[in-house]
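Reading through the structure tokens given below for one structure.
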Amino acid sequence: MTASTIASQIIACVASSQYGGSTITLTHLAPFVRDSYNIYLNKYLKRGLDDNTAQKFAKEDTQKEIEDSIQTLNYQINSLMT
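Counting in the numbering used here, the sequence shown runs from 3 upward without gaps.
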């Protein structure tokens, strides 16, 4: 979530100093998604869940975090005043 907020701030800075459109790729956020997944996975493994169940719950939590982050990113980009 923090990474997408920082990305929107970078987008705002770039957009304010150029004319025309801007494009981005979200692949730069992939390492942060991996970190979030590992945090969730470790959380469930520490609670004593088996590997398959922990991976399932970690994927669900990561998916929810991605959805929330992209929704926030879209809101922040759409509300830019450039």
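Ideal Cβ placement from N, Cα and C applies to all residues, glycine included. Being a predicted model, the structure only gives us computed values, none of them experimental.
Measuring CA to CA, which of the options is closest to residue i?
| i | options | result |
| --- | --- | --- |
| residue 29 | 61, 51, 54 and 9 | 9 |
| residue 37 | 48, 55, 70 and 3 | 3 |
| residue 41 | 26, 62, 21 and 27 | 62 |
Go ahead and label residue i buried or exposed: buried means 16 or more other beta carbons lie within 10 angstroms of its beta carbon, across all protein chains shown.
| i | result |
| --- | --- |
| residue 75 | buried |
| residue 24 | exposed |
| residue 7 | exposed |
| residue 64 | buried |
| residue 71 | buried |
How many whole angstroms separate the CB atoms of residue i and residue j, which I take to be in contact at a CB cut-off of 8 Å?
| i | j | result |
| --- | --- | --- |
| residue 31 | residue 5 | 5 Å |
| residue 77 | residue 60 | Not a contact, Cβ separation roughly 26 Å. |
| residue 2 | residue 68 | Residue 2 cannot be examined here, being either before or after the span of the chain that is shown, 3 to 84. |
### Query
What are the start and end residues of each continuous alpha helix (DSSP H) run of 4 or more residues lying completely inside the region 22-77, in chain order?
Fully enclosed alpha helix (DSSP H) runs of 4 or longer: 32-48.
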